[in-house]
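In mature numbering (1 follows the signal peptide of the UniProt record, and there is no 0), the protein residues as written are -21 to -1, 1 to 380. Built from N, CA and C at the ideal position, the CB exists for glycine as well. Please read all numbers here as calculations on a predicted model, not as lab measurements. In what follows, a structure is listed as structure tokens, so that the remarks can point back to it.
Encoded structure:
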């Protein structure tokens, strides 16, 4: 009986606690939101958007709008508890080209939730420039995609990987693996997307499906080239160099350390680990072509390195930079060029190294074939025999009879 009383008492206490919680729970604040959060249009045009308050405020508030030199000032809105109109038509009249965030703020604070009351505004000079930029984007993407195939075909046609730097393949595989993880995490892991928005509330995550497919495709093409190295003819001692092994090990170790730090502390987020992987990719891009330049120099030949790969890579890098500068000029948004070091760096680095490959292929070692140590020794032996033969003819008396 005492046990039943105890159970009844506990049940009563829990019921009272639930009623208390319901009474003390605050009703959600009315939300202030725009009908869209992205607005793109040409200079000297205007656009209209709806601004809506989800419910009447508990007291009067004054809604003001951020001012920029890209659009005309927008008149503030005053709304009270008894206001019937809770949706307003907002005119955005452009005055200059550029990119900025148009935000609405309700004062006094704490009465209306205005966290999501913003629009990313892009005002361009001409929409045709954007169309040309999109076309260039497709062309350089296709060029970079195709650029992996000539080297595979070149190795298959020669049945040899002589003259191909194994260090380049090692760096390339690690770099694209890191890049694949970076894009995959940003596209498909919801917690990563939430962390990105927490840090950049008004920003847009630009990672798309093709950004995941491209590094995966590059990984597969690089893996095919690595397999070719096991089955096709190569030079004695042709392998991954010790410096490449050390650098690769340090980069992978840094990724493991970053993983442990993120997992063990609350100061860093998982998105920081992905950013670190992207920095590894950028660092690898800075050095991955150097081994191939050295191999070409050592052989005084570019026979093992497909020039079509270089041409396509150069085309992709050049067009990506042209697109970047065109769009920056169209929106007067040069800051975006400097705040996208990955795209800017990849484009500049590919052009920089490809110029050296062009110099090696078309100027320094034009038409030169690779000579292995066996070829050199055979050539030396042949020269020696010819020399001995000449000496014998010159000194044999029977020749003069």
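What does the Cβ neighbour count give for residue i, buried or exposed, with the cut at 16 atoms within 10 Å?
| i | result |
| --- | --- |
| residue 170 | exposed |
| residue 298 | buried |
| residue 144 | buried |
| residue -1 | Note on residue -1: pLDDT 47, under 50, position unreliable in the model; the coordinate value appears next. By the neighbour-count rule (16 or more Cβ atoms within 10 Å), residue -1 is not buried but exposed. |
| residue 2 | Caution is warranted here: a pLDDT of 43 is assigned to residue 2, below 50, making its placement in the model unreliable, and the coordinate value is therefore given only provisionally. Exposed, since its Cβ has fewer than 16 Cβ neighbours within 10 Å. |
| residue 348 | exposed |
| residue 103 | buried |
| residue 273 | exposed |
| residue 292 | buried |
| residue 314 | exposed |
| residue 300 | buried |
| residue 184 | exposed |
Going by CA-CA distance only, name the one from the options that's closest to residue i.
| i | options | result |
| --- | --- | --- |
| residue 127 | 151, 111, 165 and 245 | 151 |
| residue 211 | 138, 188 and 225 | 138 |
| residue 98 | 65, 32, 14 and 119 | 14 |
| residue 181 | 305, 81 and 43 | 81 |
| residue 219 | 142, 124 and 340 | 142 |
| residue 286 | 85, 132, 94 and 76 | 132 |
| residue 10 | 93, 305 and 214 | 93 |
| residue 255 | 276, 268 and 230 | 230 |
| residue 226 | 83, 113, 262 and 95 | 262 |
| residue 187 | 167, 54 and 153 | 167 |
Hey, how far is the Cα of residue i from the Cα of residue j?
| i | j | result |
| --- | --- | --- |
| residue 79 | residue 205 | 47 Å |
| residue 322 | residue 63 | 50 Å |
| residue 380 | residue 278 | For residue 380, the predicted model reports a pLDDT of 30, less than 50, meaning its position is unreliable and no value from the coordinates is stated. |
| residue 252 | residue 23 | 43 Å |
| residue 294 | residue 284 | 17 Å |
| residue 69 | residue 107 | 27 Å |
| residue 178 | residue 18 | 22 Å |
| residue 51 | residue 72 | 6 Å |
| residue 67 | residue 334 | 57 Å |
| residue 148 | residue 161 | 20 Å |
| residue 4 | residue 237 | Legend: pLDDT at residue 4 = 48, less than 50; position of this residue unreliable, value from coordinates given subsequently. Whole-angstrom Cα-Cα distance: 41 Å. |
| residue 122 | residue 341 | 21 Å |
| residue 346 | residue 337 | 13 Å |
| residue 257 | residue 157 | 6 Å |
What are the boundary residues of the beta strand (DSSP E) that residue i is part of?
| i | result |
| --- | --- |
| residue 77 | 77 to 86 |
| residue 99 | 97 to 103 |
| residue 20 | 17 to 21 |
| residue 92 | First-last for residue 92: undefined, no H or E at that position. |
| residue 25 | 25 to 32 |
| residue 281 | Looking at the DSSP string, residue 281 is not in any beta strand (DSSP E), and its letter there is neither H nor E. |
| residue 188 | Looking at the DSSP string, residue 188 is not in any beta strand (DSSP E); the run it does join, the alpha helix (DSSP H), is 188 to 210. |
| residue 115 | Careful: residue 115 lies outside any beta strand (DSSP E), inside the alpha helix (DSSP H) at 106 to 125. |
| residue 53 | Neither: residue 53 is in no beta strand (DSSP E) and is coded neither H nor E. |
| residue 11 | 11 to 13 |
Span of the alpha helix (DSSP H) holding residue i?
| i | result |
| --- | --- |
| residue 128 | 128 to 137 |
| residue 316 | 314 to 317 |
| residue 297 | 286 to 310 |
| residue 165 | 145 to 167 |
Tell me whether residue i sits in a helix, a strand or coil according to DSSP, three-state version.
| i | result |
| --- | --- |
| residue 65 | coil |
| residue 275 | helix |
| residue 330 | helix |
| residue 247 | coil |
| residue 256 | helix |
| residue 173 | helix |
| residue 1 | At residue 1, the pLDDT of 48 sits below 50, so the modelled position is not reliable; the number obtained from the coordinates is stated separately. Helix at residue 1. |
| residue 344 | coil |
Sorry if obvious, but does the Cβ on residue i come closer than 6 Å to a heavy atom of the ligand MN?
| i | result |
| --- | --- |
| residue 70 | Among the components modelled here there is no ligand, and therefore nothing to report on the ligand MN. |
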